[in-house]
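Taking it in order: structure first as structure tokens, then the write-up.
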Amino acid sequence: MKLKSMLLAAVGVAALSTAAMAEEYVIGVMSAQSGYLAPYDGPAYAGFQFCIDEMNAKGGLNGKHKVRTIVKDTRSDIAEGVKVVQEMLDGGAKFIVSSADADPTIAAAQITAADGVPTMTFAGTAPVLTQVGPHVFGSYPADNQQGAVLAAYARDEGFKQAWLVKSPDSAYTNGGPEYFGKAFEALGGKVLGESLYTLNQPDFSAIVTKIKAADPAPDVIVTWAWEPDFPALIKALRGAGVKTQVMGGDVMDTPTVRGLGEVVAGSVHTSGGFPDEGSAYADFIKRFEAKTGTTPDNNYYVNGCDIAHMIEQAVAAAGSTDPKAVSAAMANIENGKGVMSNFTFKGTDRMPLREVVVARISADGKKEFVRRAIADPATLPKP
Amino acid sequence: MELFIQQTVNAISLGGVYAMLALGLAIVFSIVRLINFAHGEIMTFGAYGIFLALAFGLPPAAALLFGLAAAVVMALAMERTAFRAMRGADVVSLLITSFAVSEILKVLFQNGISPRPVPITFPPAWSGAYEVGGITIGVVPTVSIMVTFTALMGLSFILRRTVAGMAMRAAAEDIEMLRLLGIRANRVVAVSFALSGLLAGIAAVIWTAQRGSVDPLMGFFPVLKAFIATVLGGLGSLGGAVLGGFVVGMLEVLAQAFLPDSLAPYRDAIVLAAVIAALLMRPDGLLPAASAHRS
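Right, here's the structure in full:
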């Protein structure tokens, strides 16, 4: 009798653990710990894991599917990224969260295409990245949405003539200003000229001298340059006495840029969100601070958390964790609930339609809220 | 004409930074046959020195001195811990050692300080502009040109007129003979590293004043350009390194300024093609060292 009950108990435990294992949902995460993507992947991963941990504490996604993450370093190297994605798939990953840029995401998506494993970028915003296949998703407001909202703001403020500073070296630094230009001209503005730079260009003085000599002079300079190029550009502009309004993409939304002092005061940029008092975003910051001791000082943290919410809602809508079903459900989400902002995949090419915030850097290096808007899908510049 | 003068100022300013970095590389190479690719990290460390000094509330001028000192200390530490043990090794082993040191330092910066760039804010007056005869010229490029020429003249004085400098030039010719004459080679090598560190520190000051931030990868590209400059000038030739630095910097700026937009993506390729063409005509460089060591 005793033996029988022991056997029964053992079978019961085995059955339970099998059930638990069956419910486990494996998510592979590409996170560059070094190289040019580390500043974006690091915070995005921290926010993602934080919210996954919160969900797991409540029983997993939708209280049902415990999540196990496989996190691998890519060193910001695309070849390494491809390798780790394969390893994560071999390890049972049913969802891949890829690095925060279009190029590594496109490479990862080639690997996940065979099994249709949904692949979502941490913060890549170039709309071209979802063209790889129906299993690829953006998470952050795309460059064309940001460009359209910023262009509308610029026109509303009376700016008429823009000068674009872009780099063909990345889809982000090239696409952002181009989308702005298209939207700006559609609204009656004029793009006077553009300057091309290379990533990590040592010196921007030649470009600045050219802009300064432009006749007629632009009344707004627009760039999607990231660090350290943006600080170099703005220092060179102000150093040469060019006081023209500067506007840019969400990559300007960093403590480093805000810390540049007087040279950036008054510059305007787009942003994925703004933590208004009492908002879900502000609450996220409080919880994150309380648990980790780190203050999320950019939107990549909260967007990482929103990726966890996107996955949770897609799995709920799919009613299963089957990769193809999750992809199909994700693509059909309408007004999904996020922390940074809500998101709609339905009717888009899987770059979610989300609110874009326009913010200004104040003289004392603070981020000031200017406006919040959703780009009109009908007039959105096409990739 | 105004545009041309302004672009020329820009070109000399950038060329000056490359010249200083190239000279730092050349001083060390001429003595120990080491192409120090970790030279960029000496520059980065100097810039972090400025950042930390400012963060601890030092006045900007003192922070700059602290940055220079940090670069010198880093150069000396590098020589003592990594390169002294490799003295006499062949060029390839030394090169790989320098890559290793460079990678280790980059990872330490990323994990110990921040993978993100950190801002360095100097007083606004330091980044202004002034007018001469209707032409606006930036304060930073002007100061950088002045500092570059002062540093180069100072270095020239040290190399030609002081005992340490003469010992360094002698070591560049024949370090074994120098030893036989009773000069302590270790000291000469250490002084050469200290000088190269000082030049990297000055470059770091100018670079951060122009660019406003420092990140772990900051030193890589300028040192790559400086390396091209030393090869162009003549590997091992100090005068050649300076000339090569100015030529590369000026080619870069002038290509950016005056090439038509349709050719802009080929800018770097055009500059490098010009360097290759120059080397085809003068394989030992523009100003080859007396006993040229071709790579």
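These protein sequences, in sequence, are chains A and B.
With our numbering, you'll find the first sequence wraps up at 383, consecutive numbering, no jumps.
With our numbering, you'll find the second sequence wraps up at 678, consecutive numbering, no jumps.
All C-beta atoms in this analysis are idealised placements derived from N, C-alpha and C, irrespective of residue type, glycine included.
Quick caveat, the model's predicted, so the values are computed rather than measured.
Just the Cα atoms here: how many angstroms apart are residue i and residue j?
i	j	result
residue 212/A	residue 242/A	7 Å
residue 93/A	residue 672/B	59 Å
residue 497/B	residue 178/A	31 Å
residue 572/B	residue 462/B	8 Å
residue 542/B	residue 122/A	54 Å
residue 265/A	residue 505/B	15 Å
residue 408/B	residue 453/B	18 Å
residue 234/A	residue 510/B	11 Å
residue 71/A	residue 28/A	6 Å
residue 332/A	residue 371/A	28 Å
residue 535/B	residue 471/B	29 Å
residue 191/A	residue 184/A	8 Å
residue 522/B	residue 136/A	49 Å
residue 298/A	residue 255/A	8 Å
residue 352/A	residue 305/A	15 Å
residue 669/B	residue 450/B	33 Å
residue 447/B	residue 415/B	29 Å
residue 65/A	residue 59/A	7 Å
residue 634/B	residue 654/B	6 Å
residue 659/B	residue 638/B	16 Å
residue 514/B	residue 520/B	6 Å
residue 380/A	residue 437/B	45 Å
residue 293/A	residue 49/A	15 Å
residue 113/A	residue 131/A	12 Å
residue 127/A	residue 149/A	15 Å
residue 477/B	residue 562/B	21 Å
residue 81/A	residue 73/A	8 Å
Any idea if residue i is buried or exposed, counting beta-carbon neighbours within 10 angstroms, 16 or more meaning buried?
i	result
residue 41/A	buried
residue 21/A	Caution is warranted here: a pLDDT of 48 is assigned to residue 21/A, below 50, making its placement in the model unreliable, and no coordinate value can be reported.
residue 393/B	buried
residue 252/A	buried
residue 180/A	buried
residue 417/B	buried
residue 347/A	exposed
residue 335/A	exposed
residue 355/A	buried
residue 203/A	buried
residue 55/A	buried
residue 291/A	exposed
residue 384/A	Any property of residue 384/A remains undetermined from this structure, which presents chain A solely from 1 to 383.
residue 598/B	buried
Am I right that residue i and residue j are in contact with their C-beta atoms under 8 Å? What's the rounded C-beta distance?
i	j	result
residue 339/A	residue 302/A	5 Å
residue 696/B	residue 615/B	The question about residue 696/B has no answer here: the residues shown for chain B are numbered 384 through 678.
residue 399/B	residue 527/B	6 Å
residue 568/B	residue 458/B	Contact flag wrong, Cβ pair sits at about 17 Å.
residue 103/A	residue 171/A	7 Å
residue 100/A	residue 133/A	Not quite, the Cβ-Cβ distance comes to about 20 Å (not below 8 Å), so this is no contact.
residue 209/A	residue 390/B	6 Å
residue 273/A	residue 365/A	About 19 Å; that fails the 8 Å criterion.
residue 645/B	residue 411/B	Between residue 411/B and residue 645/B the Cβ distance is about 41 Å, and since that is not below 8 Å, they are no contact.
Looking only at C-alpha atoms, which of the options sits nearest to residue i?
i	options	result
residue 25/A	139/A, 252/A, 158/A and 52/A	52/A
residue 421/B	489/B, 509/B and 447/B	489/B
residue 620/B	602/B, 564/B and 551/B	551/B
residue 163/A	116/A, 216/A and 111/A	216/A
residue 406/B	641/B, 642/B and 577/B	577/B
residue 76/A	89/A, 288/A and 31/A	31/A
residue 115/A	322/A, 34/A and 378/A	322/A
residue 319/A	61/A, 47/A, 56/A and 55/A	61/A
residue 376/A	267/A, 175/A, 142/A and 262/A	142/A
residue 367/A	378/A, 189/A, 228/A and 269/A	269/A
residue 611/B	628/B, 596/B, 566/B and 441/B	628/B
Check whether chain C comes within 8 Å of residue i, counting only Cβ atoms and requiring the distance to be less than that.
i	result
residue 213/A	Note that chain C does not occur in the displayed structure, where the protein chains are A and B.
Compute the minimum distance between the beta carbon of residue i and the heavy atoms of the ligand NAP, and state whether it is under 7 Å.
i	result
residue 389/B	Annotation note on the ligand NAP: not contained in the displayed structure, which lists no ligands.
Given a limit of 8 Å on CB to CB distance, which residues of the segment 219-235 of chain A reach chain B? 227, 228, 231, 232, 234 and 235
Closer than 9 Å, Cβ to Cβ, to anything on chain A: give me those residues from the segment 585-612 of chain B, in chain order. 590, 592, 593, 594, 595, 596, 597, 598, 599, 600, 601, 603, 604, 605 and 608
Residues in the segment 408-437 of chain B with C-beta within 7 Å of chain A's C-beta atoms, listed in sequence order? none
Counting only Cβ-Cβ distances shorter than 9 Å, please list the residues of the segment 515-543 of chain B near chain A, keeping chain order. 519, 520, 521, 522, 523 and 524
What are the residues in the segment 631-651 of chain B lying within 9 Å of chain A by C-beta distance? 632, 635, 636, 637, 638, 639, 640, 641, 644, 647, 648, 650 and 651
So if I threshold CB-CB distances at 8 Å, which residues from the segment 550-584 of chain B count as touching chain A? none
Against chain B: residues of the segment 107-125 of chain A by CB proximity under 9 Å: none
Check distances from the C-beta atoms of the segment 488-500 of chain B to those of chain A and list, in chain order, the residues that come in under 9 Å. 489, 490, 493, 494, 497, 498, 499 and 500
Would you list, in chain order, the members of the segment 159-175 of chain A that have their beta-carbon closer than 8 Å to a beta-carbon of chain B? 168
According to a CB-to-CB cut-off of less than 9 Å, which residues of the segment 187-216 of chain A neighbour chain B? 193, 194, 195, 196, 197, 198, 200, 201, 202, 203, 204, 205, 206, 207, 208, 209, 210, 212 and 213
Closer than 7 Å, Cβ to Cβ, to anything on chain B: give me those residues from the segment 343-367 of chain A, in chain order. none
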